[in-house]
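Enquirer: Residues in the sequence shown are numbered from 30 upward in steps of one, following this note's numbering.
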Amino acid sequence: MEYENTWVLYGDGGAAARKSIEAEHHYISLQMQTHGDGVYILVIEAGIEAVSVELKSGTLKEALREADEFARDYFRDKARLFEEIADRI
Numbered sequence: 030m031e032y033e034n035t036w037v038l039y040g041d042g043g044a045a046a047r048k049s050i051e052a053e054h055h056y057i058s059l060q061m062q063t064h065g066d067g068v069y070i071l072v073i074e075a076g077i078e079a080v081s082v083e084l085k086s087g088t089l090k091e092a093l094r095e096a097d098e099f100a101r102d103y104f105r106d107k108a109r110l111f112e113e114i115a116d117r118i
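1. Is the beta carbon of residue 93 less than 8 Å from the beta carbon of residue 46?
2. To the nearest whole angstrom, what separates the beta carbons of residue 58 and residue 74, a pair I think is in contact under 8 Å?
3. Is DSSP giving residue 90 helix, strand or coil here?
4. Given that a residue counts as buried once 16 or more other Cβ atoms are within 10 Å of its Cβ, and exposed if not, what is residue 71?
5. Which two residues bound the contiguous beta strand (DSSP E) that contains residue 63?
6. Please name the residue in 115, 54, 87, 55 whose C-alpha comes closest to that of residue 65.
7. Measuring straight from C-alpha to C-alpha, what distance separates residue 170 and residue 53?
8. On a CA-only basis, which of 100, 113, 89 is nearest residue 50? Give me that one, please.
9. Can you tell me whether residue 31 is buried or exposed, with buried defined as 16 or more other CB within 10 angstroms of its CB?
Shown next, in the form of structure tokens:
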């Protein structure tokens, strides 16, 4: 099943875009921040956990695509970790 999750663009205070995802009882927030020309920071907030990473992209369009790829990989890695923990129990 495919879900449509689009970035909402805005431009005040160093924030460039935001995306929210809900799955069952979990609410995930992705925020794109800018720090000067061509410097983009992705912030992922998932419950009590938060992670931020500086992206390599030089434009907002590239940064949004890179952010999606990073977030997908991040959560897939988390899923594999929990699968391994479950297998060891």
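In this text, a Cβ means the ideal position worked out from N, Cα and C, and glycines have one as well. Owing to the predicted nature of the structure, the values given are computational and were not obtained by experimental measurement.
Expert: So, from the data block:
1. yes
2. 4 Å
3. helix
4. buried
5. 55–63
6. 87
7. Residue 170 falls outside the range modelled here, since the chain spans only 30 to 118, and no answer is possible.
8. 100
9. The predicted model places residue 31 with a pLDDT of 49, which falls under 50 and marks its position as unreliable, so this point remains unresolved.
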